[in-house]
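This report refers to the structure that appears directly beneath it.
Numbering (the numbering used here), first residue to last: 2 to 166.
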């Protein structure tokens, strides 16, 4: 008889557990699951924001590269060939061809740099030309030089530099 009573109590316990315990466990699991999904959604939203920023940055970088590919940049430097012998090297460091390349220097330096080759009709990317430089007593050690050029559409550009002898 004790075994039958024990079985009835166990059966009642199982029935009560199924009626009340499992729903509470399910409710607890639902709450935990809800909290975890909210955290996951926050992480996913933050990740989406970061991906959007990265894509925007990459787009800006590609736009800059595309813009740089269509620009020329003419620069100049004075280089020493040997003792007392100097030349001014003018080159296109951009990625597009520069047209009607020229340079201007201050009035006090006019006789110092020969202007044999300017205006240079077109200067392709990576190409250069040289002009003779006369250095004598009284030559300024540094001076301002402005290079000018146009692009294929005829838009004028210039770059101002300080050159040193």
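C-beta: ideal position from N, C-alpha, C; glycine also. Since this is a predicted model, take the numbers as computed values, not measurements.
Distance from the CA atom of residue 43 to the CA atom of residue 53, rounded to whole angstroms, is 15 angstroms. The three-state secondary structure of residue 88, taken from DSSP, is strand.
When beta bridges are read from the DSSP output, residue 104 appears opposite 148.
A direct Cα-to-Cα measurement between residue 59 and residue 46 gives close to 20 angstroms.
The alpha-carbon separation between residue 13 and residue 25 amounts to approximately 18 angstroms. Per DSSP, the unbroken alpha helix (DSSP H) holding residue 58 starts and ends at 23-70. Proximity to residue 150 across 160, 68, 142, 144 peaks at 160, based on C-alpha coordinates. Contact between residue 70 and residue 97 holds, with the beta-carbon distance rounding to 7 angstroms and staying under 8 angstroms.
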